[in-house]
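**Student:** Below is a structure I'd like to ask you about.
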Amino acid sequence: MSVIDLGFIIQRPPYKSETSTLGLTHAISYQVVDMFLDDGQGVTPKVCFIGEGVFNCLSGHKAMENYGVTSIESHVKNGLLVDLDMYVCKDDLERFGITEDKLADAEDMGADKKLQIVPFSEIQTILSNTKHILAF
Amino acid sequence: MSVIDLGFIIQRPPYKSETSTLGLTHAISYQVVDMFLDDGQGVTPKVCFIGEGVFNCLSGHKAMENYGVTSIESHVKNGLLVDLDMYVCKDDLERFGITEDKLADAEDMGADKKLQIVPFSEIQTILSNTKHILAF
Amino acid sequence: MMKLGVFVNDFKSVVDTVDRLTAEKLGLIFIQNGVFHATIKENGKSSSLLDKSATFYVLSEDLSTRGLTDADVDKRVKVVNYSDVVDLIFNEYEQIAWL
Amino acid sequence: MMKLGVFVNDFKSVVDTVDRLTAEKLGLIFIQNGVFHATIKENGKSSSLLDKSATFYVLSEDLSTRGLTDADVDKRVKVVNYSDVVDLIFNEYEQIAWL
Amino acid sequence: MGTLTIASFSSLVGSRSMDFTLKLAKAAVDKGHNVNIWLSSNAVMIAKANQKHLKDYSHAEKYVKELMDKGAEICVCEACALARGIHKPEAIEGIKWDAMHWYLAKIYNSDRVVHIGGE
Amino acid sequence: MGTLTIASFSSLVGSRSMDFTLKLAKAAVDKGHNVNIWLSSNAVMIAKANQKHLKDYSHAEKYVKELMDKGAEICVCEACALARGIHKPEAIEGIKWDAMHWYLAKIYNSDRVVHIGGE
């Protein structure tokens, strides 16, 4: 066993509590987990936004301006910058009438990854193939 | 102005958080509010259990045995003992199939008051006639 | 006459008391994730709360925190700031409920 | 094969992920206010979660804390204690989700 | 000008309802209203001194002091604080420690009440 | 015997999820399993020493010490604690202070994970 996949579910709306932020910061910390592990060991988070969780992916958050805290959007971008696979549920985007152009993106910061819009059935498969599930 | 009525809404299910307990303890503290007020001044809580809040009124709670905390049932009984008017929404009891015999009672402790089962329309009227609303 | 201002702070998990409580003069103030009632159409339909006989407000700071703008807001809803909310509390309503 | 144990901890405000997520082997463990799924019929109907193709458990301590007894529990649901829950986690399921 | 009493039961950084409480209080004070704030349940965490300001977290200590400087009265539920291991010497100076009837008495003398419960 | 890692994000007395965490951990330890507990968000409040045991409130300090005596490893998120004004000298002795990757590394070496999120 070398690297294991972890399924992160982000399913709550933004800012009411800390949970979405913590889901992202916990996922991003995968980068330094090797401090505590042996060579070749590691974890790969698969971050899935579903239900009201998709609201976290909207762009243009003014959380720092209004409340003095880092925006969830910044955390989403940081996740893309450190090459996390992040999936947004297509069914929920359609249900809430959110189009792809409204979503956060870190292309301008040089990220290779983008938010990946996939149907729930694919998220189900992704989660099935992880070792553990962390629902935020 | 001498005594004012306050509408307490208890609308969350028991024990997940502290909120139902706090609704009851805040209401019960009306007894000692005169410490801070002039002669003849006071507050009268009207406690209304609605929605999932009606689950707080079931009898037989084993919270002390299982989790080492005072049960919500004890707080309900204490409320009756200090003569609080406490209303339970009839519509919600019927919707959840809860019959009157399942509800807490403090008759054995010598309380004059009982939980009063009333339709939502009456709770609406009770709340309309209070000065302030405190929703827990 | 009951003049009731209600803070609505959740979207899908909003407590059903919001739907049930009425008042001769009723105002719904959408804050926190309640702002999605003012901005999101689920399966093409606006939030059923907007069908209530009430005046609707949405807190500007909580819109922009979530990446939403005035353009996203349903025409029935007025955008307000914290200072306006204080005036609503003192001048328009007498009882306030946080649901 | 996905062997998934799900802790269901809310009643009316349960997140819809519980409804959507499936597994070849699925167990729902009702705890906290999730115990009402095992005990309450709303308008005469059992919780729709009990229609899922799954094995159902309810935590005894969380029943009795709320004044509910084994007699209130739907026949499809098995009453378990904390010790049993540990065994379910280690022996019956591989992935655990708290929803 | 009127008197507004706000009650909060939400935690300092775990819930944004505390940010709402502080912003609403500030807006009311700035308009010349009298403001009282009652902190119960997890909201007693706001009374803890020496909160480190990290940008991922909302920060209450500064705003609490500012509100008190402008005349707002802030009181925490003593029992709720002690149960969480927060004792008076560890609290922000100027915050009152009392019990629930303090809040009910403030309500009695208030024009408006915003009771932020539910958690 | 296996290794179980539990994460909790819920507060000491404001939410019963913390009681669940501690009871589940105890049941697992009593059966001979190894248990790790990661405390983040409001759950860091559990680390605060000198919690007064009042009967209206759940009480964690005793159970936390018992679990550690039986070999469970308990770690709080340092940033979450500092943001709440809880500094290491004020914490229950024996609890570790670290960051999120401590938790991910424990997950790596665990057979089962119960991640109690959502608040």
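Those sequence lines, one after another, are chains W, B, S, F, Z and C. Be aware that the first sequence starts at -17, since it is given in our numbering, and climbs by one per residue. Be aware that the second sequence starts at -17, since it is given in our numbering, and climbs by one per residue. Be aware that the third sequence starts at 1305, since it is given in our numbering, and climbs by one per residue. Be aware that the fourth sequence starts at 1305, since it is given in our numbering, and climbs by one per residue. Be aware that the fifth sequence starts at -10, since it is given in our numbering, and climbs by one per residue. Be aware that the sixth sequence starts at -10, since it is given in our numbering, and climbs by one per residue. Positions of the beta carbon are idealized from the N, C-alpha and C atoms, including for glycine.
Which of the three DSSP states, helix, strand or coil, is assigned to W/I10?
**Tutor:** As a first step, residue 10 of chain W must be located in the first sequence, where it is residue number 28. If DSSP states are grouped into helix, strand and coil, W/I10 belongs with the helices.
**Student:** According to DSSP, Z/K20 sits in a beta bridge with which residue or residues?
**Tutor:** Taking the first residue of the fifth sequence as 1, we reach residue 20 of chain Z at position 31. According to DSSP, Z/K20 bridges with nothing at all.
**Student:** Of all the beta strand (DSSP E) runs that stay within the bounds of the stretch -13 to 64 of chain W, which reach a length of 3 or more residues?
**Tutor:** Taking only runs of at least 3 residues, the beta strand (DSSP E) segments lying wholly in the stretch -13 to 64 of chain W are 24 to 31.
**Student:** Less than 6 Å between C-beta atoms, sequence neighbours within five positions excluded: which residues of the same chain meet that for W/D65?
**Tutor:** Here the question's residue 65 of chain W lines up with position 83 in the first sequence. Closer than 6 Å at the Cβ level, and outside the excluded window around W/D65, lie K95.
**Student:** Compare the C-beta of S/R1370 with all C-beta atoms of chain W and state if any pair is closer than 9 Å.
**Tutor:** Residue numbering aside, residue 1370 of chain S sits at position 66 when the third sequence is read from its first letter. Yes, S/R1370 lies at the interface with chain W (some Cβ there is under 9 Å from its Cβ).
**Student:** Look at the Cβ atom of Z/G107, then the Cβ atom of B/A9, and state whether they are nearer than 9 Å.
**Tutor:** Residue mapping note: residue 107 of chain Z aligns to position 118 of the fifth sequence, counting from 1. Residue mapping note: residue 9 of chain B aligns to position 27 of the second sequence, counting from 1. No.
**Student:** Return the chain-ordered ranges of every beta strand (DSSP E) run that is complete within the stretch 3 to 59 of chain Z and spans a minimum of 3 residues.
**Tutor:** Listed in chain order, they are 23 to 28.
**Student:** Could you pull out every residue in the same chain whose Cβ sits closer than 6 Å to the Cβ of S/N1337, ignoring the five residues on either side in sequence?
**Tutor:** If you number the third sequence from 1, residue 1337 of chain S lands on position 33. So the list reads D1314 and F1315, once near-sequence residues are dropped.
**Student:** For S/F1311 versus S/A1401, is the C-beta distance shorter than 9 Å?
**Tutor:** Along the third sequence, one-based indexing puts residue 1311 of chain S at 7. Along the third sequence, one-based indexing puts residue 1401 of chain S at 97. In this structure, S/A1401 lies closer than 9 Å to S/F1311 by Cβ.
**Student:** Any beta-carbon of chain C closer than 9 Å to the one on B/V29?
**Tutor:** One-based indexing of the second sequence puts residue 29 of chain B at position 47. So no, B/V29 is outside the interface.
**Student:** Residues of chain S with CB closer than 8 Å to the CB of B/S110, please, in chain order.
**Tutor:** Working through the second sequence from its first residue, we reach residue 110 of chain B at position 128. Ordered by position in chain S, the residues that pass the 8 Å Cβ test against B/S110 are M1306 and A1327.
**Student:** Measure the C-alpha to C-alpha separation of F/S1368 and F/T1343 and round it to an integer number of angstroms.
**Tutor:** Translated into positions along the fourth sequence, residue 1368 of chain F becomes position 64. Translated into positions along the fourth sequence, residue 1343 of chain F becomes position 39. So the alpha carbons of these two residues sit roughly 12 Å apart.
**Student:** Taking the continuous beta strand (DSSP E) assigned at Z/L(-7), which residues delimit it?
**Tutor:** The sequence position of residue -7 of chain Z within the fifth sequence is 4, counting from 1. Per DSSP, Z/L(-7) belongs to the beta strand (DSSP E) from T(-8) to S(-3).
**Student:** For a contact defined as C-beta to C-beta under 8 Å, what are the partners of S/S1387 on chain Z?
**Tutor:** In the third sequence, the residue the question calls residue 1387 of chain S occupies position 83. Neighbours of S/S1387 on chain Z, chain order: A16, D19 and K20.
**Student:** Report the residues of the stretch -17 to -2 of chain W with a CB closer than 7 Å to any CB of chain C, ordered along the chain.
**Tutor:** Residues I(-14), L(-12) and R(-6).
**Student:** Please name the residue in B/I32, B/S41 and B/T52 whose C-alpha comes closest to that of B/Y69.
**Tutor:** Taking the first residue of the second sequence as position 1, residue 69 of chain B is located at position 87. Closest option to B/Y69, Cα to Cα, is B/I32.
**Student:** Apart from the five residues just before and just after B/Q(-7), which ones in its own chain have a Cβ nearer than 6 Å to its Cβ?
**Tutor:** On the second sequence, position 11 is the one that residue -7 of chain B refers to. Closer than 6 Å at Cβ, skipping near neighbours: I32, G33 and G35.
**Student:** Cβ closer than 7 Å: which chain S residues qualify as neighbours of W/N48?
**Tutor:** To locate residue 48 of chain W, count along the first sequence from 1; it is residue 66. Residues of chain S passing the Cβ test: E1365, S1368 and T1369.
**Student:** With 9 Å set as the bound, which would you pick, yes or no: does the beta-carbon of W/E55 sit closer than that to a beta-carbon of chain A?
**Tutor:** In the structure shown, chain A does not exist; the protein chains are W, B, S, F, Z and C.
**Student:** Let me know the beta strand (DSSP E) ranges lying completely inside the stretch 61 to 101 of chain C, each 3 residues or longer, listed in chain order.
**Tutor:** Counting whole runs of 3 or more residues, the stretch 61 to 101 of chain C contains the beta strand (DSSP E) stretches 62 to 66 and 85 to 87.
**Student:** According to DSSP, simplified to helix, strand and coil, what is F/A1401?
**Tutor:** Indexing the fourth sequence from 1 puts residue 1401 of chain F at position 97. Three-state DSSP puts F/A1401 in a strand.
**Student:** For chain Z, find out if any of its Cβ atoms is closer than 9 Å to the Cβ of W/E0; answer yes or no.
**Tutor:** For the purposes of this step, residue 0 of chain W is identified with residue 18 of the first sequence, where counting begins at 1. Yes, its Cβ sits closer than 9 Å to a Cβ of chain Z.
**Student:** Only counting the same chain, and skipping five residues up and downstream in sequence, which positions put a Cβ closer than 8 Å to that of Z/Q40?
**Tutor:** The residue you call residue 40 of chain Z lines up with position 51 of the fifth sequence. Excluding sequence neighbours, Z/Q40 sits near L1, H48, A49 and E50.
**Student:** Skipping 5 residues on each side, what residues in its chain have a beta carbon closer than 7 Å to that of C/S4?
**Tutor:** Here the question's residue 4 of chain C lines up with position 15 in the sixth sequence. So the list reads E108, once near-sequence residues are dropped.
**Student:** Identify, in the order they occur along the chain, each residue of the same chain with its Cβ nearer than 7 Å to the Cβ of C/Y92, setting aside the five sequence neighbours on each side.
**Tutor:** As a working mapping, residue 92 of chain C is identified with position 103 in the sixth sequence. Cβ neighbours of C/Y92 beyond the five flanking positions: A(-4) and W27.
**Student:** Check the Cβ-Cβ distances between C/G3 and every residue of chain B, and say whether any is below 9 Å.
**Tutor:** Within the sixth sequence, numbered from 1, the residue matching residue 3 of chain C stands at position 14. It does; some Cβ of chain B falls within 9 Å.
**Student:** Could you name the residues that DSSP lists as bridge partners for S/E1346?
**Tutor:** Against the third sequence, residue 1346 of chain S aligns to sequence position 42. DSSP lists S/K1349 as partners of S/E1346.
**Student:** Is DSSP giving S/M1404 helix, strand or coil here?
**Tutor:** Here chain S comprises residues numbered 1305 to 1403, so residue 1404 of chain S is not present and cannot be evaluated.
**Student:** Out of C/R101, C/I96 and C/K12, which has the shortest C-alpha to C-alpha gap to W/Y12?
**Tutor:** As a position in the first sequence, residue 12 of chain W is number 30, starting the count at 1. Ranking the options by Cα distance to W/Y12, first place goes to C/I96.
**Student:** Under 8 Å by Cβ, that's how I've got Z/C66 and Z/M89 pegged, so tell me the actual separation to the nearest angstrom.
**Tutor:** The residue labelled residue 66 of chain Z in the question sits at position 77 within the fifth sequence. The residue labelled residue 89 of chain Z in the question sits at position 100 within the fifth sequence. Confirmed, about 7 Å.
**Student:** By Cβ distance below 8 Å, which residues in the same chain neighbour S/K1382 in space, the five residues on each side in sequence not counted?
**Tutor:** The count along the third sequence starts at 1 and reaches residue 1382 of chain S at position 78. Within the same chain, S/K1382 has close Cβ partners T1359, F1360, Y1361 and V1362.
**Student:** For Z/S47, which residues in chain W fall below 7 Å Cβ to Cβ?
**Tutor:** Numbered from its first residue, the fifth sequence carries residue 47 of chain Z at position 58. Within chain W, the residues near Z/S47 are Y49, G50 and V51.
**Student:** Answer with buried or exposed for W/S103, where buried requires no fewer than 16 other C-beta atoms within 10 angstroms of its C-beta.
**Tutor:** As a working mapping, residue 103 of chain W is identified with position 121 in the first sequence. The residue is exposed, with fewer than 16 neighbouring Cβ atoms inside 10 Å.
**Student:** When DSSP labels each residue in this structure, what does Z/V103 get in the three-state scheme?
**Tutor:** Along the fifth sequence, read from residue 1 onward, the residue named residue 103 of chain Z stands at position 114. The answer is strand: DSSP assigns Z/V103 an E or B state.
**Student:** Rounding to the nearest angstrom, what Cα-Cα distance links C/K12 and C/G60 in this structure?
**Tutor:** Translated into the one-based positions of the sixth sequence, residue 12 of chain C becomes position 23. Translated into the one-based positions of the sixth sequence, residue 60 of chain C becomes position 71. If you take the alpha carbons of C/K12 and C/G60, they lie about 15 Å apart.
**Student:** Could you confirm whether any beta carbon from chain B is found closer than 9 Å to the beta carbon of C/K77?
**Tutor:** Here residue 77 of chain C corresponds to residue number 88 of the sixth sequence, with the count starting at 1. So no, C/K77 is outside the interface.
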